[in-house]
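As structure tokens, the structure follows; a few thoughts come after it.
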Amino acid sequence: MTATVVVGPPCAGKSTYAWATRTTTELVVDYDRMAQALGSSTAHAATGAIREAAFAAREAAIGVALDTSQGSWVLHTSPSAEQISTYEDAGAEFVLLDPGESVCLERAEDDDRPEGTEDAIRAWYANPPELPDSTTTVSATTGRTIMASDNPRGNRYWGDVSLPKTKAEFFNAVTAPAPAGTGTVATLRLYGPIDSYGGFWGISAKDVGAVLDALPDTVTQINLRVNSPGGEVFEGVSILNMLRSHKASVTAVVDGRAASAASIIAAGCDETVMSPGTQMMIHSPSVIMWGNAAELRKQAEVLDGIEASMVEIYTAKAGEKDWTTLLADETWLTAAQAVDMGLADRTAVIPDAGEATTVGEDDDADTLVIPDEDDEDASAKARVVVMTSRPVLGTELPSSSEPGEPTRKEDVVAYDDLKAGLRERLGLTDAAASDTQLLAAVDEVLAEQVEPTTPARAAVQDGTLVVDAAVFEQLQSDARAGRAAREEQVTSRHEALVTAAVNDGRIAPVNRDRWLASFGKDEESASALLSTLPKNSIPVAELGHSDPHANADDSLYAQVYGSTPEEA
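Under our numbering, the sequence shown has 366 at position 364, and the numbering climbs by one with no breaks.
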């Protein structure tokens with residue numbers, strides 16, 4: 003067992019936390035109680051010789067606390083760097099209680115603490131001690147809301163049980179091929195408390211999420227094997243919702259007890275199976291805290307709301323019942339009673355899908371290493387989850403539909419229905435036909451199929467069309483005729499345009515052929531250029547008259563002898 007050093011400002015609740023969490027055999031080094039034992043009439047206000055003697059006793063007790071093997075708690079408001087180093091050398095763990103400066107100041111006033119307490123609180127927050135990175139911080143202002151079969155003490159939800167040395171002792175996972183030959187079955191063993199601290203303290207939602215993320219896509223069924231005393235309410239609900247959101251069907255198998263928060267997880271899965279001799283326990287949530295009357299009343303309302311959320315989960319599984327009374331009475335249910343109440347679907351022995359593998363024992367195992375966040379040396383504190391794809395036991399998992407039909411996710415196909423459909427299509431009358439017989443029947447049907455004698459037509463590519471050869475030839479002929487007619491129309495239009503230009507005097511007749519060639523190359527450009535030429539640039543009309551008679555004698559001569567000159 004190790005020492006736990008609880009650090010925090012005045013009025014943080016260090017004493018309450020330590021005394022509520024310790025076991026009866028663990029030492030608690032509490033200066034205030036020492037001062038009262040030495041004669042101080044009020045807590046937090048020792049003076050003179052009593053104060054001096056209390057500090058001396060405290061230092062001596064700390065030495066004993068760090069050496070004892072029974073476990074101990076040391077309350078230290080603001081340890082120095084040297085004192086922190088001493089604690090670390092002794093292997094102590096640190097817990098920081100930090101409800102916030104405003105909360106501590108309010109408590110100092112409400113509790114009528116001695117003068118100077120508020121200044122001490124402000125001084126602590128102005129210069130808090132530099133604690134190791136491994137320190138666990140508790141920041142809830144009114145205590146830590148928990149749900150467990152018993153209030154956490156000693157080693158939190160482990161109670162008086164010694165802490166495990168490795169995570170694999172109480173939480174591991176293994177995968178194996180499904181008996182049907184398709185898909186994979188994953189088995190998760192939840193054999194410890196449900197605790198947001200994670201690590202060796204218990205199983206956190208982060209732990210479960212890491213395992214679910216690492217499961218192969220082939221997993222179609224998850225068997226969650228449970229033996230847990232419970233733990234934190236919201237951590238349990240978070241684990242349940244992660245399991246519900248996974249695409250695989252989830253069957254909870256209670257192997258020992260599913261108590262408190264563990265009962266929420268078990269009852270909320272697709273199917274809940276109670277192994278013979280197991281029990282389920284349900285009860286109201288509880289809280290460890292200290293505070294004034296207003297704080298306590300407010301926390302009671304919070305607990306009522308938490309219980310209402312729990313009742314929603316139980317009601318969805320088992321229907322309407324007097325849950326308030328059942329929870330208040332802390333009801334323990336045998337396997338049969340859990341089924342009768344509706345919190346479980348059936349009682350059965352569910353064979354395991356395989357044995358858990360530890361790191362180093364199997365070179366073929368697929369190992370997932372999940373390092374702690376914000377850890378400079380992640381490898382030093384890696385949490386290891388071992389996944390293996392090799393089945394260890396060849397036992398076929400029983401159908402989850404006998405007795406009773408659990409709620410299945412829509413995208414999961416029942417294997418029994420698939421086998422029945424294959425038997426019907428293959429004409430098999432034996433309802434107990436094995437997988438081997440089904441496969442043999444499939445091979446026989448495939449062998450009897452006649453291979454096609456004609457080659458399959460090649461697939462027609464996009465943008466192409468298959469037509470009859472005669473039709474295609476006719477289309478080509480029509481296209482040629484249409485093209486010729488079109489060309490004739492274009493030539494006639496070009497000739498008309500050029501003739502009109504000659505007649506308008508825009509161009510000379512001698513340039514007719516050159517303009518026709520220009521129209522043949524680019525009608526639009528030639529037409530635009532032609533339109534810019536002015537009309538009558540080349541004269542096409544008579545501008546005057548010529549007189550063949552140069553003088554009057556010529557005219558007279560023409561009248562007597564005619565206009566055609568003759569050679570004399």
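Positions of the beta carbon are idealized from the N, C-alpha and C atoms, including for glycine. Computed from a prediction, not measured in an experiment: that's the story for all the values here.
The beta carbon of R109 is closer than 7 Å to those of C13 in its chain, skipping five residues each way along the sequence. Every beta strand (DSSP E) of 3 residues or more that sits fully in the region 70-120 is shown, in chain order, as 74-78, 95-99. A Cβ-Cβ distance of about 11 Å is found for the pair I308 and I266, leaving them out of contact under the 8 Å criterion.
Ranked by how close their Cα comes to the Cα of N229, the residues H285, G201, E171, D69 have E171 in first place. Here L214 is buried. Its C-beta has 16 or more other C-beta atoms within 10 Å. Per the Cβ contact rule, the region 159-168 is not in contact with the region 180-190 (fewer than 3 Cβ pairs under 8 Å). Bridge partners of Q281 according to DSSP: R259, T336. Here DSSP, grouped into helix, strand and coil, assigns I64 to helix. Per DSSP, S288 is not a residue of any alpha helix (DSSP H); the beta strand (DSSP E) it occupies stretches across 288-290. Bounds of the beta strand (DSSP E) holding F173 are 173-179. Contact check between the region 95-106 and the region 47-56: fewer than three CB pairs, one atom from each, fall below 8 Å, which does not count as touching.
The distance from the Cβ of A188 to that of L217 is about 5 Å, consistent with a contact at the 8 Å cut-off. V275 sits close to A254, with the two beta carbons spaced by under 8 Å. With respect to the 8 Å criterion, G200 and L98 are not classified as neighbours on the basis of their beta carbons. In the structure shown, the three-state DSSP call for S265 is helix.
DSSP places L477 in the uninterrupted alpha helix (DSSP H) bounded by 471-505. Residue state for A5 is assigned as strand, using DSSP reduced to three classes. Looking at L298, P353, S286, D342, the one whose alpha-carbon comes closest to that of T327 is S286. Straight through space, the alpha carbons of A212 and R60 are spaced by roughly 43 Å. Burial is judged here by how many other beta carbons sit within 10 angstroms of a residue's own beta carbon; N538 has fewer than 16 and is exposed.
Each residue's CA atom was taken as its position, placing M244 and E237 some 11 Å apart. Under a 10 Å Cβ-count criterion, V252 is classified as buried, with 16 or more other Cβ atoms of the shown protein chains found around its own Cβ. In the DSSP annotation of this structure, the continuous segment of the beta strand (DSSP E) that includes I224 starts and ends at 221-230. Taking a C-beta distance under 8 Å as the contact criterion, V313 and W325 qualify as a contact pair. Taken through DSSP and simplified to helix, strand or coil, A51 comes out as helix.
The residue among A268, Y89, D306, M291 with its C-alpha nearest the C-alpha of G344 is A268.
Per the DSSP secondary-structure output, G200 pairs with nothing in a beta bridge. DSSP places E446 within a helical segment (H, G or I) once states are collapsed to three. The Cβ-Cβ distance between I64 and V31 falls below 8 Å. Using a Cβ-Cβ distance cut-off of 8 Å, the region 496-504 and the region 515-530 are in contact, since at least three pairs of beta carbons, one from each stretch, lie closer than that value.
Within 10 angstroms of the beta-carbon of S262 lie 16 or more other beta-carbons, which makes it buried. CA-CA distance, D100 to A318, rounds to 38 Å. Within 10 angstroms of the beta-carbon of F96 lie 16 or more other beta-carbons, which makes it buried. For V275, the uninterrupted beta strand (DSSP E) run begins and ends at 273-276, by DSSP. In this structure, the CA atom of Q476 is about 17 Å from the CA atom of A487. Close CB contacts of L440 within its chain, under the 6 Å cut and outside five residues either way in sequence, are with L424 (chain order).
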